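Protein chains in written order, with our numbering: chain A, -16 to 600; chain B, -16 to 600. We treat Cβ as the ideally placed atom computed from N, Cα and C, and that holds for glycine. No experiment lies behind these values; they were computed from the predicted model shown. Take a look at the structure below.
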């Protein structure tokens, strides 16, 4: 243990006491919150923020600051209390905890500049930590990433995905600390105070694990030092603690999860007790050590790709065009990274790997850590593209939800959309991904139909700030756009248009081609329809849709390789409702089965034949 | 090892060879599928189906049949081949693999009577296995549950949730077998052939783990025997295998995932090679041992509850009414079980635990295994109610998707919906759960506003077949229905109605009360509105909504504590579109923050004030 740490133990103990006091004060004032979970973590947080971590409290944006992720997000008050100690916020600010006009929310969000990812859905912090630690490698920084977890949340499978991937990447710049206070919300945690039960698991997953008394500042400093000296693998510090520590009325007691001490006498008794815990200081705590300042500066500004190399009429699956575009993008800019979950040869993200392997991160079959890691990377300036089968992004929906709350710059892509994948059957078909993504109000949702629009939209994704999703398809489709065609997030293309169109048919992805087929069949019968490629579902070009509705007798027909609720039909319907227009929806309306793509597209009512029927009905 | 097993080794070897032959034949005929992953599992499947398992091949519905879950669902052809051997299906049937008119789909689904849960989304089978094994306990059956997994899928966190929960419940009637063929889809699996890497993890999670040569029939039989003799914990058999085993052209080779042998010469060479692997049999394989026949018979028929005990005007949160109703239900019928993920004191499922603790299953903070286990329980005749915060059901969306594909009888409930939870902030607010559930075409979605409707709808849920979801709220709301009021899945209630209503306002959950407040305010101004409690979103009462639209000048206003896409507004819009009516939607349209419930409901535009404004606009 370094000498400086030892001499500061008394000061750190007193900081821990002040952190407890402030956590009690803020939650009592708010009338809700989690003082007991703060109290168990006080010595850990004091040791991290005021001895271990290197950061500049006056510069939240410094890329070399050590990172802290409060995975047990309900411990927010102690994080805010640590910021008070560090001089980042004023002590009185914490009395606004959980108030509408304060950014000091019930659980931390990146509205606060020191927070990388919103937490509060347990089991996510370590996944984000993987991405943050990978980013240090990407930019050549020596910053270290510390993730404080609760013991209860280690029941989440996502934690063990992170455990495996962290070991796989040999992330010795990543340190987890589990605050084992043995009490969850509803009762004792799964392994309670059996410290060995935790240690054997982390060791089995390839981590260096250290068990310490989480209320012994010297022991914590020693473990952090041991972590710093551990090379080639991440370290998990397992800190045995007592929930509510320091406040005898709630210490180690069940039933005090998420319950503040009542303002007035109950609070005051706790504060008085805590005040008595101050010890004489031989030496004041040092100010935090400055960041190490070794990173390469990321480029800024937008990324421009050369025009797509496809020719009109080429036959290319949009998933393959995705891989090609991603590889081009990666070669252009070091911020671009790609993440896979063992399907890179189906999503074609392997094209990226072949070109820029050092920024390609394999997660094996583990979608939660793939998205969580992308969240961490995005928080630190990377432009991450995690991709898998669109169906399997449902596995990461809670992470996607939290990425939206965090408004992170992640660029998700899902392949193998819809019944048009054919024989593999419903388990591999994404039929709810558009609904899932569109439900999040700030996720942009793109769904190109050909290779050129895919490539151009990937370029837009890289340059657009905020969470985005692109849906790609399995079958090959003809290239219908020239290399100079432009596409906008929030745009659409009118592919067929005349002065006497009897209806507007709106497709996206593979159904654009069904609509074009229907156009030809109807034309042969003397009927003219308008055909739209709705490549951007969110935002959506309401103006253009309203114009088409007006010009085509108010008849709008949507056709989509997706379930009926939440997809193209609902997006268009919401967009045109203010004009008084309604939509006739062709969509998959039941659980599908195996078959050929053609059979399924027809059987589930989204083929050219059904469009013709809907137009002529 | 029992003598009978030894004497049958040669016969089992030959069965394994026939399983390989049939897997090659069916996939080559289909032109797609996974012969290589079947080949690695052939000895395991032969040993399970023709020596270890007790079942009646002529009676798929026998409750005491041993259960087999093919978690590596892409190995479907070998499962179908095993059924051929067992006489369950005809050998020629497998040549219809993956065809539209055959139930032998690319991945197994419960369209086939021997399949409990659809697989094909990796990492789910063991979670379902937990539920199936728990069900054996529930009905007092000695049936045993066998789950065959791939090594690649053990990267999924859900597998480790199952590992923990299986050990927690001491499920010694549950046996996992991991087919460690070391090759995933896109390359080597995470731990490849490092058998110790697997074993230490399973042991760390409290399982008995046995490593065997997965192509040595005697060794497999020995391991299964060891599992049978292991008490107080589940067993994981780790079988070292070779992908494509027995077919030298693909054996152990990367690039042969999901690729059939080409019909014709390539296939024939493989079949010839396999034919040469037959060995002389000293004794034919025995027919499967019969089921042990020890179970208690479940009651059949519907469950009727006594009328709710609430009085008009009582103030009760729907989440609390959920807990009370669930407890009443559990006391009435042994099929009813409840599952929690460490929030039982918030969802109030602890009321069930207090009353029928032996049918209450705690999963700690692990939503995937909670839902997966519910899937397994449902498949075996239980009526499972898994519940957590609605926001955290997003964690299990892939399981919910697969439960829908399986059309399982699971009854999910999510509490703490929307911004009306207040201070905890967005991470705890479900604002996409309705979109997520409605996207699945066969999930019924209920959203009661008071305690009486909650209790009555819980009763309906128990008696309705198929997957369902109920959304409950955190704040207390007044009881507005009398104890004799009836509610239907697919119904709604018109709460205020007159001959001169200028608009219909449609709320659900807490917004019903905002609509009622708006009604009073408008009435005071001399304006009359119709108010609907849309407690069933899917199915939805289109007829009643269309009637109201016609009777209230075509003006429909929805108001919901949910994001704009995929919730109440879209549900109503889709229902009334055929009548040419559109909907004005009041919904949460941005990422919310912490605050008091009242502040948030008003700020995000879903309070009475906003309804009044929309009506008078």
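Interface flag, residue i vs chain B, CB-CB below 8 angstroms
i	result
residue 226/A	no
residue 188/A	yes
residue 381/A	yes
residue 388/A	yes
residue 0/A	no
residue 512/A	no
residue 419/A	yes
residue 526/A	no
residue 445/A	no
DSSP-derived helix/strand/coil call for residue i
i	result
residue 92/A	coil
residue 210/B	helix
residue 168/B	coil
residue 385/B	helix
residue 266/B	coil
residue 218/B	strand
residue -16/B	Note that residue -16/B scores 38 on pLDDT, short of 50, meaning its location in the model is unreliable and no value can be drawn from it.
residue 300/B	strand
Chain-ordered neighbours of residue i on chain B, where CB pairs are closer than 8 angstroms
i	result
residue 132/A	Chain B residues near residue 132/A: none, gap ~11 angstroms exceeds 8 angstroms.
residue 375/A	104, 381
residue 574/A	387, 388, 390, 424, 425
residue 243/A	Under the 8 angstroms cutoff, chain B gives no residues; its nearest Cβ is about 11 angstroms from residue 243/A.
residue 384/A	374, 377, 415
residue 358/A	Those do not exist, as residue 358/A stays about 13 angstroms from chain B at its closest Cβ, beyond 8 angstroms.
Any C-beta of chain A under 8 angstroms from that of residue i
i	result
residue 143/B	yes
residue 448/B	no
residue 593/B	no
residue 63/B	no
residue 88/B	yes
residue 437/B	no
Anticipated Cβ contact below 8 angstroms, residue i with residue j, distance rounded
i	j	result
residue -2/B	residue 50/B	Not quite, the Cβ-Cβ distance comes to about 20 angstroms (not below 8 angstroms), so this is no contact.
residue 404/A	residue 497/A	The Cβ separation is near 16 angstroms, so there is no contact.
residue 250/A	residue 11/A	4 angstroms
residue 331/B	residue 305/B	6 angstroms
residue -6/A	residue 266/A	6 angstroms
residue 472/A	residue 436/A	Contact flag wrong, Cβ pair sits at about 12 angstroms.
Where residue i meets chain B, residues with beta-carbon distance less than 7 angstroms
i	result
residue 461/A	Simply none; closest approach about 23 angstroms.
residue 198/A	Those do not exist, as residue 198/A stays about 24 angstroms from chain B at its closest Cβ, beyond 7 angstroms.
residue 184/A	187, 188
residue 327/A	169
residue 289/A	Residues of chain B passing the Cβ test: none, with the nearest at roughly 28 angstroms.
residue 349/A	138, 139, 140
Cβ neighbour criterion (16 or more within 10 Å) applied to residue i
i	result
residue 476/A	buried
residue 360/A	buried
residue 346/A	buried
residue 483/A	exposed
residue 416/B	buried
residue 277/A	exposed
residue 526/B	exposed
residue 389/A	buried
Contact test: residue i Cβ vs the ligand SAH heavy atom, cutoff 7 angstroms
i	result
residue 476/B	Inclusion of the ligand SAH in the displayed structure is not the case, the ligand content being empty and no account of it being possible.
Contact list for residue i against chain A, beta-carbon separation under 9 angstroms
i	result
residue 565/B	556, 559, 560, 561, 562, 563, 564, 565
Beta-carbon neighbours of residue i, restricted to chain A and to distances below 8 angstroms
i	result
residue 582/B	83
residue 494/B	Near residue 494/B there are no residues of chain A at all, since even the closest Cβ is about 18 angstroms away, more than 8 angstroms.
residue 546/B	422, 423, 424
Listed by chain order, chain A residues near residue i by CB distance under 7 angstroms
i	result
residue 173/B	147, 151, 347
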